[in-house]
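One structure is given below, encoded as C-alpha cells.
Protein chains: 4
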Amino acid sequence: MQIAFIGLGNMGAPMAANLLAAGHALRVCDLSEAAIDAACAQGATRAANPADAASDAELVMTMLPAAAHVRAVYQGEHGVLASVPAGIPLIDSSTIDPATVAALADAAARQGNPFVDAPVSGGTVGAQAGTLTFMVGADPALLERIAPVLAQMGRNVVRCGDTGTGQVAKLCNNLLLGISMIGVAEAMSLGEALGIDAQVLAGIINTSTGRCWSAEVCNPVPGIVANAPASRAYRGGFGVDLMLKDLGLAVDAARAARLALPLGALAEQTYRRSSRHGDGSLDFSSVIRQYGDAG
Amino acid sequence: MQIAFIGLGNMGAPMAANLLAAGHALRVCDLSEAAIDAACAQGATRAANPADAASDAELVMTMLPAAAHVRAVYQGEHGVLASVPAGIPLIDSSTIDPATVAALADAAARQGNPFVDAPVSGGTVGAQAGTLTFMVGADPALLERIAPVLAQMGRNVVRCGDTGTGQVAKLCNNLLLGISMIGVAEAMSLGEALGIDAQVLAGIINTSTGRCWSAEVCNPVPGIVANAPASRAYRGGFGVDLMLKDLGLAVDAARAARLALPLGALAEQTYRRSSRHGDGSLDFSSVIRQYGDAG
Amino acid sequence: MQIAFIGLGNMGAPMAANLLAAGHALRVCDLSEAAIDAACAQGATRAANPADAASDAELVMTMLPAAAHVRAVYQGEHGVLASVPAGIPLIDSSTIDPATVAALADAAARQGNPFVDAPVSGGTVGAQAGTLTFMVGADPALLERIAPVLAQMGRNVVRCGDTGTGQVAKLCNNLLLGISMIGVAEAMSLGEALGIDAQVLAGIINTSTGRCWSAEVCNPVPGIVANAPASRAYRGGFGVDLMLKDLGLAVDAARAARLALPLGALAEQTYRRSSRHGDGSLDFSSVIRQYGDAG
Amino acid sequence: MQIAFIGLGNMGAPMAANLLAAGHALRVCDLSEAAIDAACAQGATRAANPADAASDAELVMTMLPAAAHVRAVYQGEHGVLASVPAGIPLIDSSTIDPATVAALADAAARQGNPFVDAPVSGGTVGAQAGTLTFMVGADPALLERIAPVLAQMGRNVVRCGDTGTGQVAKLCNNLLLGISMIGVAEAMSLGEALGIDAQVLAGIINTSTGRCWSAEVCNPVPGIVANAPASRAYRGGFGVDLMLKDLGLAVDAARAARLALPLGALAEQTYRRSSRHGDGSLDFSSVIRQYGDAG
Numbered sequence: 009m010q011i012a013f014i015g016l017g018n019m020g021a022p023m024a025a026n027l028l029a030a031g032h033a034l035r036v037c038d039l040s041e042a043a044i045d046a047a048c049a050q051g052a053t054r055a056a057n058p059a060d061a062a063s064d065a066e067l068v069m070t071m072l073p074a075a076a077h078v079r080a081v082y083q084g085e086h087g088v089l090a091s092v093p094a095g096i097p098l099i100d101s102s103t104i105d106p107a108t109v110a111a112l113a114d115a116a117a118r119q120g121n122p123f124v125d126a127p128v129s130g131g132t133v134g135a136q137a138g139t140l141t142f143m144v145g146a147d148p149a150l151l152e153r154i155a156p157v158l159a160q161m162g163r164n165v166v167r168c169g170d171t172g173t174g175q176v177a178k179l180c181n182n183l184l185l186g187i188s189m190i191g192v193a194e195a196m197s198l199g200e201a202l203g204i205d206a207q208v209l210a211g212i213i214n215t216s217t218g219r220c221w222s223a224e225v226c227n228p229v230p231g232i233v234a235n236a237p238a239s240r241a242y243r244g245g246f247g248v249d250l251m252l253k254d255l256g257l258a259v260d261a262a263r264a265a266r267l268a269l270p271l272g273a274l275a276e277q278t279y280r281r282s283s284r285h286g287d288g289s290l291d292f293s294s295v296i297r298q299y300g301d302a303g
Numbered sequence: 009m010q011i012a013f014i015g016l017g018n019m020g021a022p023m024a025a026n027l028l029a030a031g032h033a034l035r036v037c038d039l040s041e042a043a044i045d046a047a048c049a050q051g052a053t054r055a056a057n058p059a060d061a062a063s064d065a066e067l068v069m070t071m072l073p074a075a076a077h078v079r080a081v082y083q084g085e086h087g088v089l090a091s092v093p094a095g096i097p098l099i100d101s102s103t104i105d106p107a108t109v110a111a112l113a114d115a116a117a118r119q120g121n122p123f124v125d126a127p128v129s130g131g132t133v134g135a136q137a138g139t140l141t142f143m144v145g146a147d148p149a150l151l152e153r154i155a156p157v158l159a160q161m162g163r164n165v166v167r168c169g170d171t172g173t174g175q176v177a178k179l180c181n182n183l184l185l186g187i188s189m190i191g192v193a194e195a196m197s198l199g200e201a202l203g204i205d206a207q208v209l210a211g212i213i214n215t216s217t218g219r220c221w222s223a224e225v226c227n228p229v230p231g232i233v234a235n236a237p238a239s240r241a242y243r244g245g246f247g248v249d250l251m252l253k254d255l256g257l258a259v260d261a262a263r264a265a266r267l268a269l270p271l272g273a274l275a276e277q278t279y280r281r282s283s284r285h286g287d288g289s290l291d292f293s294s295v296i297r298q299y300g301d302a303g
Numbered sequence: 009m010q011i012a013f014i015g016l017g018n019m020g021a022p023m024a025a026n027l028l029a030a031g032h033a034l035r036v037c038d039l040s041e042a043a044i045d046a047a048c049a050q051g052a053t054r055a056a057n058p059a060d061a062a063s064d065a066e067l068v069m070t071m072l073p074a075a076a077h078v079r080a081v082y083q084g085e086h087g088v089l090a091s092v093p094a095g096i097p098l099i100d101s102s103t104i105d106p107a108t109v110a111a112l113a114d115a116a117a118r119q120g121n122p123f124v125d126a127p128v129s130g131g132t133v134g135a136q137a138g139t140l141t142f143m144v145g146a147d148p149a150l151l152e153r154i155a156p157v158l159a160q161m162g163r164n165v166v167r168c169g170d171t172g173t174g175q176v177a178k179l180c181n182n183l184l185l186g187i188s189m190i191g192v193a194e195a196m197s198l199g200e201a202l203g204i205d206a207q208v209l210a211g212i213i214n215t216s217t218g219r220c221w222s223a224e225v226c227n228p229v230p231g232i233v234a235n236a237p238a239s240r241a242y243r244g245g246f247g248v249d250l251m252l253k254d255l256g257l258a259v260d261a262a263r264a265a266r267l268a269l270p271l272g273a274l275a276e277q278t279y280r281r282s283s284r285h286g287d288g289s290l291d292f293s294s295v296i297r298q299y300g301d302a303g
Numbered sequence: 009m010q011i012a013f014i015g016l017g018n019m020g021a022p023m024a025a026n027l028l029a030a031g032h033a034l035r036v037c038d039l040s041e042a043a044i045d046a047a048c049a050q051g052a053t054r055a056a057n058p059a060d061a062a063s064d065a066e067l068v069m070t071m072l073p074a075a076a077h078v079r080a081v082y083q084g085e086h087g088v089l090a091s092v093p094a095g096i097p098l099i100d101s102s103t104i105d106p107a108t109v110a111a112l113a114d115a116a117a118r119q120g121n122p123f124v125d126a127p128v129s130g131g132t133v134g135a136q137a138g139t140l141t142f143m144v145g146a147d148p149a150l151l152e153r154i155a156p157v158l159a160q161m162g163r164n165v166v167r168c169g170d171t172g173t174g175q176v177a178k179l180c181n182n183l184l185l186g187i188s189m190i191g192v193a194e195a196m197s198l199g200e201a202l203g204i205d206a207q208v209l210a211g212i213i214n215t216s217t218g219r220c221w222s223a224e225v226c227n228p229v230p231g232i233v234a235n236a237p238a239s240r241a242y243r244g245g246f247g248v249d250l251m252l253k254d255l256g257l258a259v260d261a262a263r264a265a266r267l268a269l270p271l272g273a274l275a276e277q278t279y280r281r282s283s284r285h286g287d288g289s290l291d292f293s294s295v296i297r298q299y300g301d302a303g
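Residue numbers (this note's numbering), protein chains in the order written: chain S, 9 to 303; chain R, 9 to 303; chain P, 9 to 303; chain D, 9 to 303.
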C-alpha cells in the first residue's frame, strides 16, 4: 500500500520501519533531515512536505508531538488536506485534545476524507517491537479497513467508538494512571516510614484491593520489580514530561466539559514539581522521589 | 483451645461463630448483652469482663471499633492484662494506629505476653464465609503457633513482619485503595462527559496501564460490574465512613512520621464530603456521585 | 482625541460612555448591533470592522472576553493591524494570557505600534462609575502619554512594568484572591461547625493575622458585611465563572513557566464545582455553599 | 494576687515575668529546673508540683506545649484539680483542641472551678513585650474578673464567647493564615516566573483584592518587607512546626465536626513537606522555598 507517513520521532521512526518491513511503500516527511535520511535508508521515499507525501497516498499516517503540529501538518500551507485524494483515510496517532480531533475530522469530512484518532500506548519499546496498543476512534467499517495496517505496528487494536473516542480513552486511562502512581508512591513511602519491608508491602498490595499496574508492573521503589524503570534509575519508561502533557490534556478537557477533577489537577501539579526539579525525562514513577528526605 | 473473644460486632460475631464451629471453647465479652446472648446460643460462655474472659485463656482474640476500645479492653480496669497468664498470645484484629499497637505490645511484653496485630480485609461477607485475609505482625515462630486458629476464620494469613506491621500493611493498602477509587471516579466521569461509552472505557482501562481493583472489581459506575456495590445502589461493600477511618489513621501515621501525603489528605477530605452529604454508609465507590451534576 | 473602541460588552460599553462624556470622538465596533446602536446614541460613530475603526485613530482601545477575540480583532482579516497608522498606541484592557500579549506586542512592534496591556479591576460597577484600577504594562514614556485617557475611565493607573506585566499583576492578584476566599470559607465554616458566633469570628480575623479583603470586605457569610454580595444572595460582585477564567489563565501561565501551583490548581477545581452546580453567575464568595450540609 | 503559674517555656517564662513585674506573687512549676530557677531569681516561689502550686492560689495560669500536657497538669496525679480551692479561675493559654477544653471545663465545673481557654497570638516577641492578644472563652462576668491580669501580659483581650470559643477562634484564624501564606507564596512565585518585579507586585496586591497580612506584613519574598522574617533568612516569627501543629488541630476539629476542608488539609501537607526538608524552625513564610528551583 502507498502510505504517507509524517512524523519520524522516537515513536514515528520505528512505526514507519515496521510498515516498511511489512512491505508497504512509504513517502515520509519530518522536520529533521537526519530522520528522513534514516527512513530512506530503510526504503522510504522523501516527500517535500505533507501535501507532497499525501498526493498519491492510499493511507495517511501521522505521529506528532502536539496538537499544533497536527493542525499544521493537516491544515497548514502544503498540508495533507491540500492534496490528499478524497476517500483516503487519515490516521493520527499523536496524543492530542479531543477538540482538535473534532475540528480536523470536520475539515477532513468536508472534502471526503475520514479522520481517525488512533493514539497508542506502549512507548518506544512497543513501537520498536511492534507491540503497541492502538485506541481507535472510527466507525466499524473503517476500522476493518485500516486494522490490518495498524496490526503491523501493534499487537492490540481497540475500537473505542466513533472519531474522537480514541483520544478520550487514552486521556482517561492516563489520568487514572497518573493518580494511581502517586497513590502507590504515597503508600510505599508511608510503609517505608513506618518500618514495613517494601517487598513484603508490595506483595500484600498486589494481592489486595490496592493492586494496580503502578504497584505490580511499574512499582516506583527501586528493586521491587526487576525490569521496572525504578530498578534502573528511572531510565526508559514513560517520562514525567509525557505524563504532564497527558494530564494537562485531561484537565483541559475537563475544563471544557465543566467538570471538576481535584485529584487529577493535584496530580498534574505534583508531576510538574518533579519536572521543575530536573526529573522531566525520568520515568513518571520517579515522582516517589518527592517523598524522600531530599525530595 | 480455650479462647477469650472480646468484641462481638458485625465482624467479631461471625468470626467467633467460626471458631465455635471449629470446636474451640470461647469465653466472650461485649458491651451488648444481645450480642453475648447470641454467641452463647452458639455455645460460647459469658465472661463478666475482659479480665474474666482472659483469666484461663490459651489465646486472646479482640475485634473492636477503634484504638480507644482496644486500650480499654487490654489496659483498663478489669482489662485483659490484669489477668491473662504469661505466655498467652494476644491477637488484636481491630484496625488501629501503629502507635497504639506499639504501646500495647510493650505493656504486654513486660508481663510476658506476645501481642499480635492481625487486621483483616474481606468485610462482613468474608467474616461470615471464613474467607478473610489476615495481615499479621508477629515473629515467624509465633505466627506458626497462631496461624491454624486464624485459618479457621480466614483464607489467607499473610505475615507482614514483626509486631505492628500488620496495621502498617492495612493502612498503606487502604490509603492506595482510597486514592485509586477517586482516580477511577475522575477517569470514568471524564469519559462520560466526553462521550465515550462507559463499558468500553472500563474495558480499555482494565487491559491498560490504568487497571486496578477499583476499576475492575468495584467499578463505581452502575452497571459496569454486575455484582459490584455500584450496581446495587452502593449498598453493601466497604462503607465511606470505614474508608474515612482508615484514611484518617494513614494521614495521622504520616503526621507522626513527618511525611507529607498530599493526595492521601485530599482523598480523605473528598470522602468526608460524601459522608457529610449523607453517603457515609454507602460503599466508598459512591464517591463518584460527587462528579455528577448534583454531586 | 480620535479613539477606536472595540468591544462594547458589560465592561466596554460603560468605559466607552465615559470616554464619550470626556469629549473624545469614538469609532466603535462590536458583534452586537444593539451595543453599537447604544454607543452611537451616546455620540459614537459606527465602524464596519476593527480595521475601519482603527484607520484614522489616534488611540485604539479594546475590551474583549478572551484571547481568541483579541487575536482576531488585531490580527484577523479586517483587523486593527491591517489599517492602524504607525506610532498609534494599542491598549488592550481584556484579561488574557501573557503569551498572547507577547505575540501581539511583537506583531504590533514590527509595524511601529506600541502595544499596552491594561487589564482592570473594579467590575461593572467600577466601569460605570469610572473608578476602575488599570494595571498597565508599558514603558514610562508611553504610560505618561496614555494615562490621561485611562484616568477618564478609572481612578487608579498603576504601572506594573513593561508590556505584559499588567496581565501578570492581574493574574497573580486574582490567583491569591481565589485562594484567600476559599481560605475564608473554610475558616468561617469551621467556626460555625464548632459553635463560635460568625460575627465575632469575623471581627477577630479582621484584627488578626488572618485578615484579608475576602474576610473584611467580601465576607462569604451572609449578614457579616452589609453591602457584600453574600448579604444579597451572592448577586452582583465578581462571578464564579470570571474567577474560573482568571484561575485558568494563572494555572496555564504557571504550566508554561514550569511552576507547580498545587493550591491554585485545587482552588480552580473548587470554583469549577460551584459552577457545575449552577452557581457560575453568583459572586465567587458563594463558594462557601460547598461547605454547607447540601453544598 | 497569689497566682499558680505552670509552664515556663519560651512563651510562659516571659509571661510569668510580666506578672511578677506587675506585683503578683507567683508559685511556679515546670519540668525544667533551670526554668524554675530563672523565675525564682525574678521573685517567684518554687512549687513541688501543680497541686502544690494551686493549693493556695487565687488564680491558676497554664501555658503548655500540647493537650496531653494540659490534661496531665490539671487531671494527673498531683494535678491542679486535686488541690485548687473551689471558685478559683483556671486559665489555660496553651493552644489545644476544643474537645480537650470541653472535657477539662466539665471536670473543673464539677468541683466548682471555672475553666477559661485563652490562647494567644503574638509569639515570643509579644510575650516579652507584654503585647499578646488573648482570645478568651469565658462568660462576661468571669472575663471582667480576669481581664486585668491578662492585660498585664497582653495588649488585647478579646472575648470570643463562652468556654471553648477562644481555641476555636485561634484555630480558625490560623487555618486561614496558613492557607493565605501559601496563596501569597504561589502568587509571588508566579509573578517572579513571569517577570514582574516583586516589589511592584507586592505593592499592587497590597492595594487590591489580594491584600492580606501575609502579603503586607509578612511577605515571604526576602527584601519586600524590611522587618519581616523573610528579610532575615526566615529567622524568628511563627515557625513552620507551630503552624503545622495548629493546622493539625484545625483539620482534626473539622474531622470531629464531619466537615471537609480540602485546602486546609493540603496546606497542612505543604507545611509538612517544608518541615521534612529541615525548615521546621524557620518562619512559616519559608514555605515559598518550595516554589524555587531547588524547593
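Even for Gly, the Cβ is constructed at its ideal location relative to N, Cα and C. Predicted, not measured: the structure shown is a model, and the values here were computed from it.
{"Check": "Take the Cβ of Ala42(D) as the centre, count every other Cβ of all protein chains shown within 10 Å, and call the residue buried at 16 or more, exposed below.", "Outcome": "exposed"}
{"Check": "Start and end of the beta strand (DSSP E) containing Asp125(R)?", "Outcome": "123 to 125"}
{"Check": "Whole angstroms is fine: what's the gap from Leu67(D)'s alpha carbon to Ile99(D)'s?", "Outcome": "8 Å"}
{"Check": "Report yes if the C-beta distance between Ala75(P) and Gln50(P) is below 8 Å; otherwise report no.", "Outcome": "no"}
{"Check": "Is the region 265 to 281 of chain D touching the region 240 to 254 of chain D, taking contact as three or more C-beta pairs under 8 Å?", "Outcome": "yes"}
{"Check": "Please list, in chain order, all residues of the same chain as Leu183(P) whose beta carbon is under 6 Å from its beta carbon, the five residues on each side excluded.", "Outcome": "Ala258, Gly272"}
{"Check": "Hey, which unbroken runs of the alpha helix (DSSP H) at 4 residues or more fall wholly within the region 75 to 142 of chain P?", "Outcome": "75 to 83, 106 to 118, 131 to 137"}
{"Check": "Within 8 Å (strictly less), CB to CB, does Arg79(P) reach chain S?", "Outcome": "no"}
{"Check": "Just to confirm the assignment: which complete beta strand (DSSP E) runs, minimum length 3, are found wholly within the region 156 to 199 of chain P?", "Outcome": "162 to 169"}
{"Check": "Assuming Ser188(D) and Ser216(D) make a contact with CB atoms under 8 Å, what is their CB distance in whole Å?", "Outcome": "Between Ser216(D) and Ser188(D) the Cβ distance is about 14 Å, and since that is not below 8 Å, they are no contact."}
{"Check": "Can you give, in chain order, each stretch of the beta strand (DSSP E) that sits fully within the region 26 to 59 of chain P and has at least 3 residues?", "Outcome": "33 to 37"}
{"Check": "Once DSSP output is grouped into helix, strand and coil, what is the label at Ile14(D)?", "Outcome": "strand"}
{"Check": "Can you check whether the C-beta of Arg284(D) is within less than 8 Å of a C-beta belonging to chain S?", "Outcome": "yes"}
{"Check": "Using the C-alpha atoms, what's the distance from Phe292(S) back to Asp301(S)?", "Outcome": "19 Å"}
{"Check": "For Val229(D), collect the residues of the same chain with a Cβ closer than 8 Å to its Cβ; drop the 5 residues on either side in sequence, then sort them by chain order.", "Outcome": "Met196, Glu200, Ala206, Ala210, Ala238, Ile296"}
{"Check": "Could you tell me which chain S residues have their CB closer than 9 Å to the CB of Pro270(D), listed as they occur along the chain?", "Outcome": "Pro270"}
{"Check": "Please classify Thr217(P): does DSSP put it in a helix, a strand, or coil?", "Outcome": "coil"}
{"Check": "Span of the beta strand (DSSP E) holding Met69(S)?", "Outcome": "67 to 70"}
{"Check": "What did DSSP end up calling Asp64(R) once you bin it into helix, strand or coil?", "Outcome": "coil"}
{"Check": "Can you find a C-beta in chain D that's less than 8 Å from the C-beta of Arg305(R)?", "Outcome": "No statement about residue 305(R) is possible, as the shown extent of chain R runs from 9 to 303 and does not include it."}
{"Check": "For a contact defined as C-beta to C-beta under 7 Å, what are the partners of Gln277(P) on chain S?", "Outcome": "Ala268, Leu269, Pro270, Ala273"}
{"Check": "If we ignore side chains and look at the alpha-carbon of each, how far apart do Val166(R) and Asp287(R) end up?", "Outcome": "32 Å"}
{"Check": "Find out if the Cβ-Cβ distance for the pair Arg35(P), Ala61(P) is shorter than 8 Å.", "Outcome": "yes"}
{"Check": "At least one CB of chain C closer than 8 Å to the CB of Glu194(D): is that the case?", "Outcome": "Absent here is chain C; the protein component of the structure consists of chains S, R, P and D."}
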